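Here's the structure we're looking at; comments come further down.
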Amino acid sequence: MRKLSSLEPQKVFGFFEDITQIPHGSYNLDGIKQYLIDFAVSRKLEYVADDVGNVIIKKPATSGYENVPGIIIQGHMDMVAVCDEGSGIDMKTSPLDVFVEGDLIGARHTSLGGDDGIAVAMALAILDSDDIPHPSLDVVITANEETGMEGAYGLDISNVNNRRLLNIDSEDEGIFTVGCAGGARVKCTISSDTDSIPDGFTILECKVSGLLGGHSGTMIGLGRANAGKLMGRILGAGCKVNSNAFLLKLTGGTADNAIMLESIATIAVPSADSGAFGSAMMDECKIIAKEYADTDPGITFCVTTLDNAVNEVKISLKRASDFLNELPFGVIAMSKDIEGLVQTSLNLGILKSESGEMTAEFSVRSSIGSERDELIERLKKITEGFGGTNKVTGVYPGWEYKTESPLRDKMIKVFKDMYGYEPKVEAIHAGLECGFFMDKASDIDAVSIGPDMQDIHTTSERLSISSTARTYEYVLKVLADKD
Ligand SMILES: [Zn+2]
């Protein structure tokens, strides 16, 4: 039984409900891809299904719009497919059990995929109609956005004719996103500098915890502490008592894009100085706790003596702490165009020691490609200075704010006419697919919008019906505008 058939606009919610009945988590896209191809074939629309899984459907301008600049309507076909623990739902094969509750649509025990199924539904509703005026359209539905934007990365831009890009993958009505960060992951590794620890050493385990952490893109500007960086400082303070100490083991963090919440180091210090060593570290932590009293009020540090320890590495503690202290962290530059926007930053996400090596893993972000590359280079130089090596992976392009943007001007004008107030124009310090489009064609002019959604990527995900209706009406007005 159809659950959304009484909702307006009917076509949008009809296509949306179709999509919820086709399992379409990332890498499980055969069904949705075929649905899109069948849609295009049955309406005799030109389409391209490329070899990275994207589907592009084209529709010529309606009468009178032949000379209006064409538009790319873009969203992604995959969703983050999650279900409640114990629900027994197989997200690979099960259709979603959608429900309406007041103004919200959800799916029982699963994510809904409003991100980004609603973009696909709006685009199909427009393509399906014969009474909506619009310029030439490229509807670009990308594959596997949620797992690293592989579809956008592999997109052949020669399959796309138009240059004005309307990305519908944001979650706040009334906010236009007009810039995003690019980034990369950088692993910095140094090796052990001795084979054995001499006699007369005491083993200490040091733990920094109680930090608040957060997402390294959206929350790096809050100035919160990073446990790995604090650990470097605290160990360094101990080394001032006696620098003849060693790092045996180091851990911290699980993801490069999360600000590190806690870190544990196992160290060997000369037994005669172990008391003073511990006190110096505790004192340093007290100073740190004062510095971060506002942003991280719960920082704690504790030292315990161990009878023995696993020696994963044997690195001079002074060298290891100097290395951690020299590696940069946090906000590097703020935007000059958009107030309050972090332009370039990096986060130390993971610390590890294994097989004689210590590794610090960073997520680097910038909306300016050259600043991202410069920061990667700086990490390389520092690591090389300590005799270590680097590995750079997952490089993706940013979307630099354009001071001139005819699409943005037109969209602001249409928004003011329809809503009676100005939209918020923002850039984000996180990734969006638009960066890949611009990397492939610098003359692409983009704006990202979307209807209100809550708790995306979780089983509490909800999509607002009224916001979807207004956003769709707004998109139609943008298409009808001849500027
Ligand atoms: Zn999305």
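Note that our numbering has the sequence shown beginning at -9, numbered continuously upward. Backbone N, C-alpha and C fix where the C-beta goes; we use that ideal spot for every residue, glycine too. All of these numbers come straight from a predicted model, not from anything done at the bench.
So what's Asp128 in DSSP terms, helix, strand or just coil? On the sequence shown, position 138 is the one that residue 128 refers to. Strand.
Exercise for review: Measure how close the beta-carbons of Ile210 and Gly320 come, nearest whole angstrom, since I'm counting them as under 8 angstroms.
Suggested key: Numbered from its first residue, the sequence shown carries residue 210 at position 220. Numbered from its first residue, the sequence shown carries residue 320 at position 330. Yes, they are in contact, since the Cβ atoms of Ile210 and Gly320 sit about 6 angstroms apart, within 8 angstroms.
Exercise. Which residues in the same chain have their Cβ closer than 7 angstroms to the Cβ of Asn380, if we skip the five residues on either side of it in sequence?
Worked result: Here residue 380 is taken as the residue at index 390 of the sequence shown, counted from 1. Result list for Asn380: Val176, Lys177, Cys178, Leu369, Lys370, Thr373, in chain order.
Less than 7 angstroms between C-beta atoms, sequence neighbours within five positions excluded: which residues of the same chain meet that for Ala39?
Counted from its first residue, the sequence shown places residue 39 at position 49. Within its own chain, the residues whose Cβ lies closer than 7 angstroms to the Cβ of Ala39, once the five positions on either side in sequence are excluded, are Lys23, Ile27, Val45, listed in chain order.
List the endpoints of the continuous alpha helix (DSSP H) containing Asp183.
For the purposes of this step, residue 183 is taken as residue 193 along the sequence shown, with counting starting at 1. Run containing Asp183: none; DSSP gives neither H nor E here.
Query - Residues near ligand 1, criterion Cβ-heavy atom distance below 5 angstroms - result: Residues flagged by the Cβ proximity filter: Asp105, Asp106, Asp159.
Subject >> alpha helix (DSSP H) runs contained entirely in the segment 91 to 166, provided each spans 4 or more residues >> reply: Runs found: 104 to 118, 140 to 144.
How many Å lie between Ser438 and Tyr25 at the Cα? Position 448 of the sequence shown, counted from the first residue, corresponds to residue 438. Position 35 of the sequence shown, counted from the first residue, corresponds to residue 25. Cα-Cα distance, rounded: 25 angstroms.
Could you tell me whether the segment 129 to 142 touches the segment 340 to 356, where touching means 3 or more Cβ pairs closer than 8 angstroms? The segment 129 to 142 vs the segment 340 to 356: no contact.
Item to check | Endpoints, beta strand (DSSP E) assigned at Pro260 | outcome: As a working mapping, residue 260 is identified with position 270 in the sequence shown. That run of the beta strand (DSSP E) goes 253 to 260.
Under 8 angstroms between the Cβ atoms of Thr285 and Leu212? Position 295 of the sequence shown, counted from the first residue, corresponds to residue 285. Position 222 of the sequence shown, counted from the first residue, corresponds to residue 212. Yes, the Cβ-Cβ distance between Thr285 and Leu212 is below 8 angstroms.
How big is the Cα-Cα spacing for Phe426 and Gly204? The residue labelled residue 426 in the question sits at position 436 within the sequence shown. The residue labelled residue 204 in the question sits at position 214 within the sequence shown. If you draw a straight line from the Cα of Phe426 to the Cα of Gly204, it is about 26 angstroms long.
Which of the three DSSP states is assigned to Phe319 in this structure? Start at 1 with the first residue of the sequence shown, and residue 319 comes out as number 329. Of the three classes helix, strand and coil, the one that applies to Phe319 here is coil, per DSSP.
Quick check: the Cα distance between Thr192 and Ala235, rounded to an integer number of angstroms? Here residue 192 corresponds to residue number 202 of the sequence shown, with the count starting at 1. Here residue 235 corresponds to residue number 245 of the sequence shown, with the count starting at 1. Straight-line measurement puts the Cα of Ala235 at about 10 angstroms from the Cα of Thr192.
| field | Secondary structure of Arg175, DSSP reduced to three states | value | Position 185 of the sequence shown, counted from the first residue, corresponds to residue 175. Residue state for Arg175 is assigned as strand, using DSSP reduced to three classes.
**Request:** Mind checking which residues open and close the alpha helix (DSSP H) that includes Cys229?
**Result:** Start at 1 with the first residue of the sequence shown, and residue 229 comes out as number 239. Element bounds for Cys229: 217 to 229.
Phe89 classed as buried or exposed, judged by whether at least 16 other C-beta atoms fall within 10 angstroms: As a first step, residue 89 must be located in the sequence shown, where it is residue number 99. Burial call: exposed.
Could you tell me which of Phe352, Met428, Thr383, Tyr282 sits nearest to Leu314, measuring between CA atoms?
Within the sequence shown, residue 314 is the residue found at index 324, counting from 1. Nearest in C-alpha terms to Leu314, of all of Phe352, Met428, Thr383, Tyr282, is Phe352.
Within a Cβ cutoff of 8 angstroms, which residues of the same chain sit near Arg153, ignoring the five residues on either side of it in sequence? If you number the sequence shown from 1, residue 153 lands on position 163. Contacts found: Pro59, Gly60, Ile62, Ala431, Asp433, Ile434, Asp435.
Taking only runs that begin and end inside the segment 395 to 471, name each unbroken beta strand (DSSP E) of 3 or more residues, in chain order. Counting only runs of 3 or more residues that sit fully inside the segment 395 to 471, the beta strand (DSSP E) segments are 414 to 416, 435 to 438, 452 to 454, in chain order.
Query raised in the report: Do three or more CB pairs link the segment 301 to 315 to the segment 230 to 248 at distances below 8 angstroms?
Result: Result yes; three or more Cβ-Cβ pairs closer than 8 angstroms.
- Task: Would you mind reading off the limits of the beta strand (DSSP E) that contains Met348?
- Result: Counting from 1 along the sequence shown, the entry for residue 348 is found at position 358. Here the beta strand (DSSP E) through Met348 covers 347 to 356.
*Counted within 10 angstroms of its Cβ, other Cβ atoms place Thr208 as buried (16 or more) or exposed*: In the sequence shown, counting from the first residue as 1, residue 208 sits at position 218. Classification of Thr208: exposed, given that the 10 Å Cβ count is below 16.
Q. Given a threshold of 16 other Cβ atoms within 10 Å of its Cβ, counted over all protein chains shown, does Met(-9) qualify as buried or as exposed?
A. Position 1 of the sequence shown, counted from the first residue, corresponds to residue -9. By the neighbour-count rule (16 or more Cβ atoms within 10 Å), Met(-9) is not buried but exposed.
Check your understanding: Where does the unbroken beta strand (DSSP E) through Gly4 begin, and where does it stop?
Key -> Counted from its first residue, the sequence shown places residue 4 at position 14. From DSSP, Gly4 is part of no beta strand (DSSP E) but of the alpha helix (DSSP H) over 0 to 10.
Practice problem: Figure out for me which residue from Cys73, Gly173, Leu145 has the closest Cα to the Cα of Val382. | Solution: Taking the first residue of the sequence shown as 1, we reach residue 382 at position 392. Of the candidates Cys73, Gly173, Leu145, the one whose C-alpha sits nearest the C-alpha of Val382 is Gly173.
Report task. Would you kindly work out how many angstroms separate the C-alpha atoms of Gly545 and Gly15, rounded to a whole number? Result -> Outside the displayed span of the chain (-9 to 473) sits residue 545, for which this structure offers no information.
Next item on the list: Kindly indicate which three-state DSSP category Gly211 falls into: helix, strand or coil?
Entry: Locating residue 211 in the sequence shown gives position 221, counting from the first residue. Helix.
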